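**Q** Questions regarding the structure given below will be posed in turn.
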Amino acid sequence: MRINEPKSLHERLDEEKDFLKKLKLSVEEGKLEFWIDRKNPPNLTIEEFKIFLNKLRRSFEPDIVPRNSEAGKYGLTGEDECFQFEAKIGFLGTLKDYYVKGFFFDKDNLMGVEIQSFREKPQQVLKFRTRR
Amino acid sequence: MTEHCEHEKLIIENHHKEFEKEIFEYKASTCKDCNAVLWDNELEKSYGAWVNKLYKEKRHIFQIQYSIPATVQECIGKLLERFPHVEESLLIRALIVVYIDMVENEQNIMDSLEHYLISEDYLHLIEGQKNSKKIQFAPSGFQKIQSYSKLFGMKPNKILEEVLNRMILLSIREDEVMKEFWENVILKDIAMIIEAA
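Top line first, the protein sequences correspond to chains A and B.
Numbering that gives the first Met the number 0 puts the first residue of the first sequence at 0, with every later residue one more than the last.
Numbering that gives the first Met the number 0 puts the first residue of the second sequence at 0, with every later residue one more than the last.
Okay, here's the thing in C-alpha cells:
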C-alpha cells in the first residue's frame, strides 16, 4: 500500500465521476488532441475551447454515443464511446451556444481527451440590459 | 461529409495559422473528409514558443487601442492613488484580468451590475468626451482577449472599454453588496496581481 504518494493522472481521471471535472482535468493536466479548421461548420480554436470550458461551472451529464472512427493517434486505444453536449456561456451580456464532441483516451490508462468538434451552434445572439 | 465527422481518413499536410498578420507554419494530421487539422500538445508548445519569440521581436503587435470616457479616466486616476508607484497600464491590465477571470463568475454581482447598467449614473459615467489610449499585453493576456473577441463576436477594443466601464461602475456604487465585494475581494485581487507583476 502506498502512503502519501501523489496519485497519478490516470488514477485521478479514473476515480473522477463528475464528467465536467474529468474533462477539465484532462485538458489542464493531460494530453489534449484538438481538431481545428474543419469546414462546414468550422471548429473553433484550442484557446477558445479552454475559455469555454473554464466558463462551465455546473456539473452535467453529456450524451454518450458510439465512436465510429478508429483512425488517429488514439483511435484504437481511446474509449469506445464519444461524449457530446451543448452549453451556453455568457460574457458582457452576450450569450452563445456551443457544441462539443470527443472521447477520452486510453480506455485502460486514461491520460487525455480528443475533441473532435467544438463549434458555435447557429442561433440568435441574445443581448440583455446592456446600454453602450 | 457529415456534420459530426469523426476524422477517419488522415493525411499529413502543411498548414499555417495567422496571428495578427504574422504566419505560423506547421505540419499536422488532416482529415480528408472535412479538412479538420489535429492540434496537439506538441503543436501547442511550438505555437506558444513562436508567439513568445514574436513578442520579443514585435511588441507593438500585442497592443490594443481603445477609448475611455473622461469620467472613467478620472475614476481610474483616483483609484491609482490607492496604489502608489504603480503605472496606470498595470492597474488597467489588473482590472481587466480580475473582471474576466473573477467578476463574471459571481452571479449575484453580475445581477446587480446588470441592473445598474441601465441607470442614469452609468449613462453619466460613459457619456462625454473619450480619450484614445493604447495598452500592451503579454502574449497570454493578448491571446485571451482575442479569444473572447472571437467567442462572443466583440472587437478587442470594445471588450476593454466595456470591462473598464463596468469595473469603474462597480467601484463607485454605494450598493452594499457591490461595495463590499469591491473593497474586500476585487481590491485585494488587484493588489495581488500588481504585487506579482
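Where is the CB? At the ideal position from N, CA and C, for every residue including glycine.
Nothing here was measured: the structure is a model prediction, and the numbers come from that model.
E86/B to M191/B, Cα distance in whole Å?
**A** Approximately 15 Å, taken between the alpha carbons.
**Q** If we ignore side chains and look at the alpha-carbon of each, how far apart do K52/B and E80/B end up?
**A** Whole-angstrom Cα-Cα distance: 35 Å.
**Q** Could you tell me the boundaries of the alpha helix (DSSP H) in which G76/B lies?
**A** First-last of the alpha helix (DSSP H) with G76/B: A69 to L79.
**Q** Can you check whether the C-beta of D36/A is within less than 8 Å of a C-beta belonging to chain B?
**A** D36/A counts as touching chain B.
**Q** Kindly indicate if chain A contains any beta-carbon less than 8 Å away from that of C199/B.
**A** Not covered by the structure: residue 199/B. The range shown for chain B is 0 to 196.
**Q** With 16 other CB atoms within 10 Å as the buried threshold, where does G92/A fall?
**A** G92/A comes out buried.
**Q** State the CB to CB distance for the pair L197/B and K95/A, rounded to an integer number of angstroms; the pair is presumed to be in contact (CB under 8 Å).
**A** Outside the displayed range of chain B (0 to 196) lies residue 197/B, so it cannot be described from this structure.
**Q** I want to verify the contact list: residues of chain B whose CB lies under 7 Å from the CB of E32/A, in sequence order.
**A** Correct list: L37 and D39.
**Q** Tell me which residues of the segment 161-192 of chain B have at least one Cβ-Cβ distance to chain A shorter than 7 Å, keeping chain order.
**A** Of all residues in the segment 161-192 of chain B, E161 have a Cβ within less than 7 Å of some Cβ in chain A.
**Q** Measure the CB-CB distance between F33/A and F18/A and report whether it falls below 8 Å.
**A** No, the pair does not count as a contact, with Cβ atoms beyond the cut-off.
**Q** Here's the rule I'm using: 16 or more other beta-carbon atoms within 10 Å means buried, otherwise exposed. How should F59/A be labelled?
**A** Result: exposed.
**Q** Going by the CB atoms, is the gap between R92/B and F136/B shorter than 8 Å?
**A** Closer than 8 Å, so yes.
**Q** Closer than 8 Å is the cut-off here; do at least three beta carbon pairs connect the segment 2-17 of chain B with the segment 28-38 of chain B?
**A** Because the criterion of three Cβ pairs below 8 Å is met, the segment 2-17 of chain B and the segment 28-38 of chain B touch.
**Q** Nearest-angstrom Cα distance between L122/B and L116/B?
**A** Cα to Cα, the separation comes out at about 8 Å.
**Q** So which residues of chain B does F59/A contact, with C-beta pairs closer than 8 Å?
**A** Those do not exist, as F59/A stays about 17 Å from chain B at its closest Cβ, beyond 8 Å.
**Q** Is the CB of V112/A under 8 Å away from at least one CB in chain B?
**A** Not closer than 8 Å to any Cβ of chain B, the Cβ of V112/A fails to qualify, so no.
**Q** If F82/A sits next to Y97/A, beta carbons under 8 Å apart, how far is it from one beta carbon to the other, in whole angstroms?
**A** At roughly 14 Å, the Cβ-Cβ gap does not stay under 8 Å, so F82/A and Y97/A are not in contact.
**Q** Hey, would you say L186/B sits closer than 8 Å to L112/B, going by beta carbons?
**A** Contact flag unset, no.
**Q** List, in chain order, every chain A residue whose beta-carbon is nearer than 9 Å to that of E19/B.
**A** Those within 9 Å of E19/B in chain A number zero; the least Cβ separation is about 14 Å.
**Q** Step through the CB atoms of chain A and report whether any lies within less than 8 Å of the CB of N34/B.
**A** So yes, N34/B belongs to the interface.
**Q** Looking at the structure shown, is E5/B part of a helix, part of a strand, or coil, going by DSSP?
**A** It is coil, neither helix nor strand.
**Q** For a quick check, are the C-beta atoms of V64/A and F84/A less than 8 Å apart?
**A** Against a cut-off of 8 Å, the Cβ pair of F84/A and V64/A comes out as no contact.
**Q** Taking the beta carbon of I22/B as the centre, do at least 16 other beta carbons fall within 10 Å, making it buried, or is it exposed?
**A** With fewer than 16 other Cβ atoms within 10 Å, it is exposed.
**Q** Using a 10 Å radius around the Cβ and a threshold of 16 neighbouring Cβ atoms, would you call A196/B buried or exposed?
**A** Under this definition A196/B is an exposed residue.
**Q** Excluding the 5 residues flanking D132/A on each side, which residues of the same chain have their C-beta closer than 6 Å to its C-beta?
**A** A question about residue 132/A goes unanswered here, because the residues of chain A that appear run from 0 up to 131.
**Q** Exposed or buried, H6/B, counting other C-beta atoms within 10 Å across all chains shown (16 or more means buried)?
**A** Classification for H6/B: buried.
**Q** If I measure Cβ to Cβ from W49/B and keep anything under 8 Å in the same chain, skipping five residues before and after, which residues do I get?
**A** Cβ neighbours of W49/B beyond the five flanking positions: F23.
**Q** Starting from I117/B and walking both ways along the beta strand (DSSP E), at which residues does that stretch end?
**A** Note, I117/B: premise wrong, no beta strand (DSSP E); not H, not E.
**Q** What in chain A is Cβ-close to F136/B, meaning under 7 Å?
**A** Near F136/B there are no residues of chain A at all, since even the closest Cβ is about 14 Å away, more than 7 Å.
**Q** At which residue ranges does the segment 125-175 of chain B contain complete alpha helix (DSSP H) runs of 4 or more residues, listed in the order of the chain?
**A** You should have 138-151 and 155-171.
**Q** For a cutoff of 8 Å on Cβ pairs, would you count T76/A as touching chain B?
**A** Not an interface residue.
**Q** To the nearest angstrom, report how far apart W181/B and N107/B are at their CA atoms.
**A** Roughly 13 Å between the two C-alpha positions.
**Q** For P68/B versus E126/B, is the C-beta distance shorter than 8 Å?
**A** Yes. Within cutoff.
**Q** Would Q115/A be called buried (16 or more neighbouring beta carbons within 10 Å of its own) or exposed?
**A** So Q115/A ends up on the buried side.
**Q** Compute the Euclidean distance between the alpha carbons of E119/A and P83/B, then round it to the nearest angstrom.
**A** Computed Cα separation, rounded: 44 Å.
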